[in-house]
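Counting with full-length UniProt numbering, you get residues 1 to 430 for the letters of the sequence shown. Have a look at the structure below before the remarks.
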Amino acid sequence: KGCEEVDAIEFYSSQVAALREEEDKLKKSEEVHPLGMAFVSLQNEYMATYILKDFNALECGGGARGVPQPSSKSAELRVNKWKVNYAPHPHNIYWENLSLRCWRWWLRFMLLNVALFVLLFFLTTPSIIISTMDKFNVTKPIHYLNSAVISQFFPTILLWTFSALLPTIVYYSTLGEAHWTRSSENMSMMYKLYIFLIFMVLILPSLGLTSLDVFFRWLFDMHSEGRLRFECVFLPDQGAFFVNYVIAAALVGSGMELLRLPGLLLYIVRLALAHSAAERKYVKQVRLWLLIFQKRFGIFASELATVCNITLTHCVMCAGLLYLLLKHLVDKHNLYFAYLPARLDRQVHLGAVNQALAAPIICLMWLYFFSVIRTGFKAATSMFTLVVLCVTIFICLSYTCFGHFKYLSPHNYNVSCFVLCHNLQCIVVI
Numbered sequence: 001k002g003c004e005e006v007d008a009i010e011f012y013s014s015q016v017a018a019l020r021e022e023e024d025k026l027k028k029s030e031e032v033h034p035l036g037m038a039f040v041s042l043q044n045e046y047m048a049t050y051i052l053k054d055f056n057a058l059e060c061g062g063g064a065r066g067v068p069q070p071s072s073k074s075a076e077l078r079v080n081k082w083k084v085n086y087a088p089h090p091h092n093i094y095w096e097n098l099s100l101r102c103w104r105w106w107l108r109f110m111l112l113n114v115a116l117f118v119l120l121f122f123l124t125t126p127s128i129i130i131s132t133m134d135k136f137n138v139t140k141p142i143h144y145l146n147s148a149v150i151s152q153f154f155p156t157i158l159l160w161t162f163s164a165l166l167p168t169i170v171y172y173s174t175l176g177e178a179h180w181t182r183s184s185e186n187m188s189m190m191y192k193l194y195i196f197l198i199f200m201v202l203i204l205p206s207l208g209l210t211s212l213d214v215f216f217r218w219l220f221d222m223h224s225e226g227r228l229r230f231e232c233v234f235l236p237d238q239g240a241f242f243v244n245y246v247i248a249a250a251l252v253g254s255g256m257e258l259l260r261l262p263g264l265l266l267y268i269v270r271l272a273l274a275h276s277a278a279e280r281k282y283v284k285q286v287r288l289w290l291l292i293f294q295k296r297f298g299i300f301a302s303e304l305a306t307v308c309n310i311t312l313t314h315c316v317m318c319a320g321l322l323y324l325l326l327k328h329l330v331d332k333h334n335l336y337f338a339y340l341p342a343r344l345d346r347q348v349h350l351g352a353v354n355q356a357l358a359a360p361i362i363c364l365m366w367l368y369f370f371s372v373i374r375t376g377f378k379a380a381t382s383m384f385t386l387v388v389l390c391v392t393i394f395i396c397l398s399y400t401c402f403g404h405f406k407y408l409s410p411h412n413y414n415v416s417c418f419v420l421c422h423n424l425q426c427i428v429v430i
């Protein structure tokens with residue numbers, strides 16, 4: 001049956017009435033089940049800073065200065081139990097997720113991540129999926145074409161495709177965690193994807209392993225058949241995997257980011273689901289499909305940090321330089337002409353920089369293992385590499401955990417006062 005034509009004014013009027021009725025129901029339910037938090041708007045930044053210091057003084061304890069200024073309602077409202085902090089930007093908050101209680105959120109978080117770990121425990125690398133496909137003769141017809149270009153190019157494309165699809169599972173699992181802010185969502189997504197990609201395309205292929213299952217069996221197996229022959233790890237032929245991955249990420253990955261196929265598909269779906277010409281015009285004007293960058297920032301940052309780690313660790317300099325040049329040009333074009341501005345906390349950007357700074361540490365670890373295998377533990381090159389590795393790890397831990405060596409930090413932010421005074425808010429968790 002075709003779509004029934006109705007009067008636009010009557011249709012949208014009924015939609016507005018239904019939404020207002022639902023809003024009234026939600027207001028009544030919130031009076032019975034409050035969230036336990038409040039957003040307070042202040043006139044200037046000084047007032048917000050003064051109130052924040054006054055309430056946070058409770059954490060220090062001690063003398064009279066550790067007690068906030070009391071009022072006649074302090075005991076009744078139990079002010080000493082309040083937690084006050086700066087509120088994130090309104091566009092950075094998932095307002096629909098604020099109703100999720102703390103214990104429910106943690107239960108949901110644990111269940112999703114346990115299920116994700118169990119799934120990726122056996123399907124960690126694309127090579128194990130490709131080997132499973134070969135059992136069903138999926139890739140066998142490719143070899144019958146007798147084309148050297150296709151037979152060499154198809155496995156690389158297949159490898160890159162699965163390398164892009166497997167992190168998608170991590171991406172959607174993070175969306176299901178129902179974070180309160182987009183910054184915390186991107187932070188969780190970025191760290192999970194980074195750890196997963198480092199295992200998938202760097203650590204396990206370097207050791208000649210195919211999945212975390214094989215990795216843990218090798219790690220805890222005390223029998224002789226479970227040992228790994230380290231002399232076979234750093235062979236020249238193993239570098240082909242990383243060269244193929246970086247080249248595929250440079251050429252195919254950058255081309256796909258330039259095409260922006262996910263955004264185009266989302267745009268087509270929104271146009272197809274539009275009920276009238278007015279809605280189609282709204283979709284074209286507002287460009288809702290471009291908001292995908294704010295949700296996928298964690299994916300972009302983790303993938304870039306992974307390729308930087310591969311380039312520095314295995315010295316794939318030519319392919320890595322090609323990737324960085326193409327990535328810079330594509331991202332510059334997309335940031336200027338495609339993506340809308342995103343409201344994210346600076347901690348997300350600092351986390352992405354820290355992931356890139358982990359590349360020299362992994363590179364030094366690989367150089368040390370290679371030197372120990374080839375020349376022995378007591379060789380001069382092994383001892384020197386070990387000392388440099390320990391000093392680097394000490395500096396990184398001191399900077400990250402204890403705040404030392406701040407002058408070595410590349411994190412130099414100039415925060416501009418673009419927020420209007422009447423938009424300055426504090427969040428109070430009761």
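Here a beta-carbon is modelled for each residue, glycine too, at the ideal position from N, C-alpha and C.
Asked, Found
"Rounded separation between I299 and Y171 - CA only", "8 angstroms"
"Three-state secondary structure assigned by DSSP to F405", "coil"
"Ranges of the alpha helix (DSSP H) found wholly within the UniProt domain \"CSC1/OSCA1-like cytosolic\" (3-97), counting only runs of at least 4", "8-32, 45-56 and 74-77"
"Cα-Cα separation between L52 and A75, rounded to whole angstroms", "19 angstroms"
"Classification of A18 by the beta-carbon crowding that lies within 10 angstroms, buried from 16 upward", "exposed"
"Distance between I169 and A64 (C-alpha atoms, nearest Å)", "At A64 the pLDDT is 45, less than 50, meaning the model places this residue with poor confidence and gives no usable figure here."
"Bridge-paired residues (DSSP) for T181", "I93"
"Of the listed residues Y245, A379 and I362, nearest to C390 (C-alpha basis)", "I362"
"Backbone secondary structure at P262 - three-state DSSP", "helix"
"Residue span of the alpha helix (DSSP H) that contains V348, given as start and end", "R346 to T375"
"L112 versus T174, V246, L322 and A305, residue with shortest Cα-Cα distance", "T174"
"Identity of the residue in V114, L98 and P262 nearest L165 by Cα", "P262"
"Whole-angstrom distance between T49 and N92, CA atom to CA atom", "21 angstroms"
"Residue from N44, W105, L107 and L321 with nearest C-alpha to Y86", "N44"
"Contact test: I373 Cβ vs the ligand COA heavy atom, cutoff 7 angstroms", "The ligand COA is not part of the structure shown, which contains no ligands of any sort."
"Terminal residues of the alpha helix (DSSP H) in which V201 lies", "No alpha helix (DSSP H) holds V201; DSSP gives it neither H nor E."
"Whole-Å CB distance - M190 paired with A352, under 8 angstroms assumed", "7 angstroms"
"CB of Y194 within 8 angstroms of CB of A250, strictly", "no"
"8 angstroms Cβ cutoff met for A274 and V283", "yes"
"Proximity below 8 angstroms, CB of R343 to CB of H89", "yes"
"Burial state of G253, where buried means 16 or more other Cβ atoms lie within 10 Å", "buried"
"Test item: CB-CB of P360 and L321 under 8 angstroms", "no"
"CB of F197 within 8 angstroms of CB of T306, strictly", "It is Leu, not Phe, that sits at residue 197 in the sequence shown. Yes; because the gap between Cβ atoms is below 8 angstroms, this pair is in contact."
"Backbone secondary structure at H333 - three-state DSSP", "helix"
"Residue range of the alpha helix (DSSP H) that includes C308", "F297 to T313"
"Pair within 8 angstroms by beta-carbon distance, F117 and V84", "no"
"Residue 440 burial status per 10 Å Cβ neighbour count (16 or more: buried)", "Lying outside 1 to 430, the shown extent of the chain, residue 440 is not represented and no answer is given."
"Beta-carbon contacts of L326 that lie in its chain and below 6 angstroms, excluding the five residues immediately before and after", "A250 and S254"
"Test item: CB-CB of N186 and V348 under 8 angstroms", "yes"
"Residues near F405 by beta carbon distance below 7 angstroms, same chain, minus five either side", "I395, S398 and Y399"
"Proximity below 8 angstroms, CB of V330 to CB of L258", "yes"
"Straight-line Cα distance separating R20 from S302", "42 angstroms"
"Reference M317, options R260, L350 and V243, closest by Cα", "V243"
"Through-space distance from A178 to A338, alpha-carbon basis", "27 angstroms"
"Inter-residue CB distance, V387 and A319 (contact presumed, cutoff 8 angstroms)", "Not really, about 31 angstroms apart at Cβ, beyond 8 angstroms."
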